[in-house]
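*Asks:* Be aware that the sequence shown starts at 1, since it is given in the UniProt record's numbering, and climbs by one per residue. Attaching a single structure in structure tokens format; questions to follow.
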Amino acid sequence: MLGTGTSSTDLTAAGLPRAGGASTLAGRTVSRIGFGAMQLERLQGDRRTALALVRRAVELGVDHIDTADFYGNGFVNEVIREAIRPGDGVLVVTKVGGAPNPDGPIPVRPAQRPEELRASVEDNLRGLGLDRLPIVNLRRLDMGPGLIAEGDQAVGLDDQLAVLTALRDEGKIGAIGLSNVTFSMLRRALPAGIVCVQNAYNLLTRGDDDMLVACVAEGIAWVPFFPLGSTFAELPSVADEPAVRAVARSLGRTPAQVGLAWLLRRSPNVLLIPGTADAGHLAENVAAASITFDADTLAMLNAVPSRSADVPLR
């Protein structure tokens, strides 16, 4: 049975390594490499493999997992609930702003209205078997990549923060994060006590560098989604970038590992949640933390031009 994510279990004391070293998330020390659970939905026909993958992540030192009720129409949360044990000390981070849409052309639909956010929190609580969600990220849909909110789904940020703050006061969530937001939105939300920001960010998509710096100053974790790009066909792939491939060859590593290692060295508040449905790729993702770059190599990677990640879907 899944714990609340507030256990004081220390990985080092338990003999487990910190995947990628240590940083903080909502005031708690966590490994810098976590696990993005979305791709577990690919394993809906093989629950045993999905469970084993989550257990393997814990064995490798992963102690924070990113999930949502709309991942696999609840399947992913069910797997996490079954795989994670209270003594593991794993911090589970959930997301609201979308809802399952299993019969639609896209398996998720916008759910931005305050009453929908509350319903999503309740759905995540039930799916994970928790009394309180440690961290809930509000996924805004003002811009790509992904869905764009229209009509009655174009909801003001203040109204959304009001319901999440109320849920925190009720004890149903522990802390509030933001996802897919602009710098001005982050500034407006700071009084609500934001603990993390999830934006599309990688070596090829660095338009939010100023926000990243501000998060360092505010003690806010920066958790990039699409850390390697390429989730949408229109997005550039970090692994296909010639400079990244050249560095990978010189180090005897994969291009994906180089892209993840670059993110870890971008800023000390960066936490990674790379996702995979493959145990081998999971191990490679964690091993990316051991990569070091000399000054010339890092300068070559930093010189790669940044591009837009605004790929909207309606």
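Where a beta carbon is used, it is the ideal one built from N, C-alpha and C, also for glycine. On a predicted model such as this, the values are computed, not experimentally measured, just so you know.
So, using beta-carbon positions, are D123 and D69 closer together than 8 Å?
*Replies:* Yes.
*Asks:* How long is the line joining the alpha carbons of L301 and L263, rounded to whole angstroms?
*Replies:* So the two alpha carbons sit approximately 11 Å from each other.
*Asks:* Taking DSSP as the reference, what is the three-state secondary structure of F35?
*Replies:* Correct three-state label for F35: strand.
*Asks:* Counting along the chain, where does the beta strand (DSSP E) carrying S306 start and finish?
*Replies:* Note, S306: premise wrong, no beta strand (DSSP E); not H, not E.
*Asks:* If the criterion is Cβ atoms closer than 8 Å, does the pair V108 and A99 meet it?
*Replies:* Yes, these two residues count as a Cβ contact at 8 Å.
*Asks:* Look at the Cβ atom of V54, then the Cβ atom of I33, and state whether they are nearer than 8 Å.
*Replies:* Cβ atoms of V54 and I33: not closer than 8 Å.
*Asks:* At which residues does the beta strand (DSSP E) containing R139 begin and terminate?
*Replies:* Run containing R139: 133-139, per the beta strand (DSSP E) assignment.
*Asks:* For I135, count the other beta carbons within 10 Å of its own beta carbon; 16 or more makes it buried, fewer makes it exposed. Which is it?
*Replies:* Burial call: buried.
*Asks:* How is the beta strand (DSSP E) around Q198 delimited, first residue to last?
*Replies:* Looking at the DSSP string, the run of the beta strand (DSSP E) that includes Q198 is 194-198.
*Asks:* Taking D63 as the reference, give the member of S308, G280, D310, L272 with the closest Cα.
*Replies:* With distances taken between Cα atoms, D63 lies closest to L272.
*Asks:* Which class does T4 belong to by DSSP, given the choice of helix, strand or coil?
*Replies:* The pLDDT assigned to T4 is 44, lower than 50, so where the model puts this residue is not dependable, and the model offers no usable value.
*Asks:* Excluding the five sequence neighbours on either side, which residues of its own chain have a C-beta within less than 6 Å of the C-beta of G21, listed in chain order?
*Replies:* Cβ within range, chain order: R32.
*Asks:* Given a cut-off of 8 Å on the beta-carbon distance, is the pair T182 and S306 in contact?
*Replies:* Their beta carbons are not under 8 Å apart, which means T182 does not touch S306 by this criterion.
*Asks:* Can you give, in chain order, each stretch of the alpha helix (DSSP H) that sits fully within the segment 68-154 and has at least 4 residues?
*Replies:* Taking only runs of at least 4 residues, the alpha helix (DSSP H) segments lying wholly in the segment 68-154 are 75-83, 114-128.
*Asks:* Label G219 either buried or exposed according to how many other C-beta atoms from any shown protein chain fall within 10 Å of its C-beta, with 16 as the threshold for buried.
*Replies:* So G219 counts as exposed.
*Asks:* Which value, in whole angstroms, describes the spacing of the CA atoms of N137 and P242?
*Replies:* So the alpha carbons of these two residues sit roughly 34 Å apart.
*Asks:* Would you tell me roughly how many angstroms separate the C-alpha atoms of I84 and L125, rounded to the nearest one?
*Replies:* Cα to Cα, the separation comes out at about 15 Å.
*Asks:* How would you label R48, buried or exposed, when you count the other beta carbons within 10 angstroms and need 16 or more for buried?
*Replies:* R48 comes out exposed.
*Asks:* Below 8 Å CB to CB, which residues in the same chain sit around E78 once its five sequence neighbours on both sides are set aside?
*Replies:* Excluding residues within five positions, the ones whose Cβ falls inside 8 Å are G127.
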